[in-house]
Amino acid sequence: MKRVLLVLVSALLLGIPMAQACGISSHCWLGDRHYRVSMPANHDGKTLVGAIVFAHGLGGNAEGIVGSRDFARMASDLGIAIIATKATGRAWALPGSPSAVQRVGVDDLTYFDAVIEDATRRFAIDKDRLMATGFSAGGMMIWTLACHRSEAFAAFAPMAGTFWRPIPKSCTTPPASLIHIHGDRDKTVPLKGRKVRDAQQGDVKQVLDMYSQYGSFTSAGQSTVDNLRCENQVNSNSDILRFCLFSGGHSFRTGLVKSAWRMFEKAGKL
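Residue 229 in our numbering is what sits at position 131 of the sequence shown, and the numbering runs on without skipping anything.
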């Protein structure tokens, strides 16, 4: 016991990062913000693995994601880590979002930069195999990352989320591979969007059209994957853009995340 304490104290005094200092049961702090990490079952602590970076919906948190048995099972099935991020307060700082949940002065893009840098330093996570995904308001955050931080991730899978109006006319970082997943009967974030207080959700097809034009994507036919009905596009850089619908409303299942990862994996993106 004395030896263990000596090692811990020595590590702290020398500034040595310790993966055990945070993870699934405690926050990884970045100033006044945090995230959590769950590694796949039986991981040896050394072998690099890919990771899903997850953005929660309105009112969510990081501990609920890494503490989910479904997420843990999915991570172990895929042999990857889960990096669960956390907004300030209940909501992400999204341009055009309702004033009631806007986070004035909050820079979530810089926060995600810091999360990736810190998580890949503390844990055996491969920077080149990161998929950003999130549901509802989290899906909106993922669209923002795809538009402004595309080079930080290998792929993006926004779910049931879109930009708030006005929809951006273009992005600031290069086109990326992206799969948008949505329920065909979603009433919370309808495909055509809806008014929420003093804000208006963007039309999903208009957002996809914007990104398609921005990335010079062209049609690559249709496909069905795990009950997802997908319209596929590709560009000259072999980036993929897919719009996948499932039968249902505003609902989330980890199986959808797994399907997205597998599609990107099959396409050689992860």
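Just so you know, even glycine gets a beta-carbon here, dropped at the ideal spot from N, CA and C.
No experiment lies behind these values; they were computed from the predicted model shown.
Under 8 Å between C-beta atoms of residue i and residue j
i	j	result
A173	Y133	no
S357	V323	yes
Y312	S268	yes
D211	L128	no
S314	N333	yes
L343	R360	no
I214	S275	no
Nearest candidate by alpha-carbon position, reference residue i, set the options
i	options	result
F254	P273, D307 and G121	P273
T242	D226, T218, A217 and D205	D205
A189	K285, Q320, A297 and A235	A235
P193	L207, T183 and K184	L207
F362	A252, V305 and K293	A252
R220	I265, A250, D130 and V135	V135
A153	M137, R360 and F350	F350
I163	S123, S197, T186 and Q200	S123
A185	S166, P196 and L156	L156
G143	T218, G353 and A170	T218
Contacts around residue i, its chain only, beta-carbon distance under 6 Å, and the 5 residues preceding and following it disregarded
i	result
A149	I178, A179, I181, I223 and L228
G366	none
V355	T231
E329	Q320 and F341
A244	F254, A274 and L276
Other residues of its chain near residue i: CB distance less than 8 Å, five sequence neighbours each side excluded
i	result
L112	Bear in mind that the predicted position of L112 carries a pLDDT of just 37, short of 50, making it too unreliable to give a figure here.
G291	T260, R263, Q298, Q299, G300, D301 and V302
Own chain partners of residue i with C-beta closer than 7 Å, once the 5 adjacent residues on each side are dropped
i	result
D284	A258, G347 and H348
I265	G300, Q304, V305 and M308
H246	L207, C269, T270 and T271
S345	D282
is_contact[residue i, chain B] using C-beta, thresh 8 Å
i	result
A198	Looking for chain B here will not work: only one protein chain is present.
DSSP beta-bridge partners of residue i
i	result
W190	Paired residues: none, contrary to the question.
Y309	DSSP output for Y309 lists no bridge partner at all.
G281	F344
R131	L128
R150	The amino acid at residue 150 is misidentified as Arg; the sequence shows Ile. Per DSSP, I180 and M229.
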